[in-house]
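Encoded as C-alpha cells, the structure appears first; notes follow it.
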Amino acid sequence: MHIAYPSELEAHWLEIARAETHGTSPRDILHRMLPDIVRLADRFTTARPPDAAPGAAPYLRDTRSCAAYSLFFAPQTYARLSHVLAELPPFPETAHPLRVLDLGAGTGAATWTLLDHLGSRPVALSAWDHSRPALRCLHDLFSALRRARWPDATLRTTPAPLGDFAASTEKFDVILLHYVLNELPAEFRRSLLSRAARSLTPNGRLILCEPLRHDAGDYMRGLRAHAIEELGLHPLAPCPHALACPLDGPCHDVRTWKLSQALQILNSVLHRDLRHLAYALLVLTPNAPPASDTLRARVVGSPSHAKGHTVCPACCSDGQIHRLQLLHRDFDTAGRKDLRHLERGQVLRLASLTPLGDPSLFRAIPAT
Ligand SMILES: C[S@@+](CC[C@H](N)C(=O)[O-])C[C@H]1O[C@@H](n2cnc3c(N)ncnc32)[C@H](O)[C@@H]1O
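Residue 155 in this note's numbering is what sits at position 158 of the sequence shown, and the numbering runs on without skipping anything.
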C-alpha cells in the first residue's frame, strides 16, 4: 500500500515557508529552509537531547521551525499512520461527532492523516501541545483546508504541557499519541498512558506510535504490559493476541513508502536514509474486540521466497512466533503479487494454520 502525501498539505507548508524565507521556486524555498530542517532532523537522531522534563521549552518555537518540521516529517507521518489506520477495524459508530484528542499534536501531521482516513465523518477534534506556535500553525492549516477536506470537523486547541492533562469527565472516542512518548521521561509515559486510558469511551481507541529507537530500550513492551495487566485494556494492533509479547527485541514495522515531492528535493541534498519507515505501534481499547473466525498473523521478520512458496516468521493468535509456509497456489494473482512484497508488520488474514513436520513451521491458508 503506497499512500501519496496530499499535495494540498505540502503546498500549504511550502507557502508558509515561502513567506518565512522570501524564496521563489519550491526548490529555492526548500534550499533556504535547509538549516532549520537539518537542525530538527538531527534533534531526533544524531543530536537527540536526553529525555526532556515534562515542562521543557518547546522546540517548535516559531512558525519557521513548524514549517521545517512539517516539510520534513509530516509526509513520513502521513504514510506511517496511514499504514496503522488501514489495519484497524472501522471506527465504531457514534451518535455524536467522533471525539478525537491529539496529545502532543504539534503542527497536526497525525491529525490530518486521521481526518483524511475518516473521510466525511463529523469529528470534534481537540489538539493539545505546549507549543503555541505549533498550535497556531495547526489552526491556520485547519482553517485553510477545512471546507475542502474536512467540512464536518471542528477544532479546539489547548496550549498546555501534557503534565496538565488530567483524566476528567470528558471522554474521547480516539486519543492519538504520535511520536510523543519517546520525548518524555519513562515514569511520565506510564502516568500519561493511564490518564489517556481513563479518558476513553468504552469502545474508544488509544493509538500510540513511536520511532524505533534502539538506544531507548524496549519501552513499548513495558507500556503494553502495563496497559493490559494494570489498565485492563485490549490490544487491537499490532498483536493478534493479548498474551505476553513473544518477540526477543522491540516489536516494530518496517515499511517502504513514496517520498513526497518536497522531500525528494530536500533529500537530494540531505542524503538521509528515508527509504524505510521503522516504527512501533500499539492500539488499545477498553472493551474486548468481538471474536472473529479469521485468524490474524503479523509478519515479524523478513520473508524468504522460493519456487511456489513463501516462508515468513509471524506472531500468531496463540501468542507464539511461528514460521508460516504460504503456498502461492492458495493465492489469486493480486495476492501472489502482494506476497512478493511482504513487509515486516503486515497482517495476514488466515483461514487456518496447520502444523507441519518441523515443529516451528505451519502451513497457512489465506482467508478468502
Ligand atoms: C515529534 S513531535 C510529534 C508531533 C505530532 N504528534 C506529529 O505526529 O506530527 C512531538 C510533539 O510533542 C510535543 N510535546 C513534547 N513534550 C511535551 C509536553 N511535555 N507537553 C506538551 N507537549 C509536548 C512537542 O511540542 C511536539 O509538538
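Glycine residues also receive a C-beta, built at the ideal position from the N, C-alpha and C atoms. The structure displayed is predicted, hence computed values, not measured ones.
Counting along the chain, no alpha helix (DSSP H) covers N200; the unbroken beta strand (DSSP E) around it starts and ends at L197 to P208. If you compare the alpha carbons of L350, S117, R129 and F359 with that of R143, the shortest gap goes to S117. In this structure, the alpha-carbon of L205 lies about 6 Å from that of H175. Judged by pairs of C-beta atoms under 8 Å, the segment 155 to 167 touches the segment 125 to 135, as three or more such pairs exist. For Y66, no beta strand (DSSP E) encloses it; the enclosing alpha helix (DSSP H) starts and ends at T60 to E84. Comparing alpha-carbon positions, the option among L260, D149, L228 and L111 lying closest to P119 turns out to be D149. A311 sits away from R326, with the two beta carbons spaced by 7 Å or more. Y56: not part of any beta strand (DSSP E); DSSP gives it neither H nor E.
The C-alpha of E7 is placed about 16 Å away from the C-alpha of L112.
Contiguous beta strand (DSSP E) elements confined to the segment 140 to 194 occur at 150 to 156 and 169 to 175, taking only those with 3 or more residues. Contiguous alpha helix (DSSP H) elements confined to the segment 330 to 356 occur at 330 to 337, taking only those with 4 or more residues. Inclusion of R252 and H80 in the CB contact set at 7 Å is warranted, their separation being smaller than that value. Going by DSSP, Q317 is part of no beta strand (DSSP E) at all; its letter is neither H nor E.
Judged by DSSP secondary structure, I362 falls within the beta strand (DSSP E) whose first and last residues are L358 to P363. For R36, the closest alpha carbon among the candidates R153, Q317, L11 and Y66 is that of Y66.
If you draw a straight line from the Cα of P283 to the Cα of P235, it is about 16 Å long. The beta carbon of D33 sits closer than 7 Å to those of R61, S62 and A65, all from its chain and outside the five residues before and after it, given in chain order.
Three or more Cβ pairs closer than 8 Å define a contact, and the segment 196 to 204 meets that threshold against the segment 275 to 282.
For A234, the enclosing beta strand (DSSP E) covers residues H231 to A234. Within 6 Å of the C-beta of D315 there is not a single heavy atom belonging to ligand 1. Given a length threshold of 4 residues, each whole run of the alpha helix (DSSP H) inside the segment 253 to 325 is given here in chain order: 258 to 267. The alpha-carbon separation between V177 and G354 amounts to approximately 45 Å.
Annotated as distal: M30 and A16, with beta-carbon spacing of 7 Å or more. Between ligand 1 and Y2, a heavy atom-to-CB distance of less than 6 Å is absent.
Judged by beta-carbon spacing, L233 lies beyond the 7 Å limit of L27, meaning their Cβ atoms are not closer than that value. For R96, there is no enclosing alpha helix (DSSP H); the enclosing beta strand (DSSP E) has its first and last residue at L95 to L100. Leaving aside the five residues that flank R129 on each side, the residues in its chain whose CB is nearer than 7 Å to its CB run, in chain order, P156. Under the three-state reduction of DSSP output, D250 falls in the strand class.
L115: member of the alpha helix (DSSP H) spanning A106 to L115, first to last residue. Taking 6 Å as the cut-off, the C-beta of A65 does not count as close to any heavy atom of ligand 1. From the listed residues Y75, R58 and D245, the smallest Cα separation to E5 is found for Y75. With distances taken between CA atoms, D315 lies nearest to P352 out of P352, A183 and F69.
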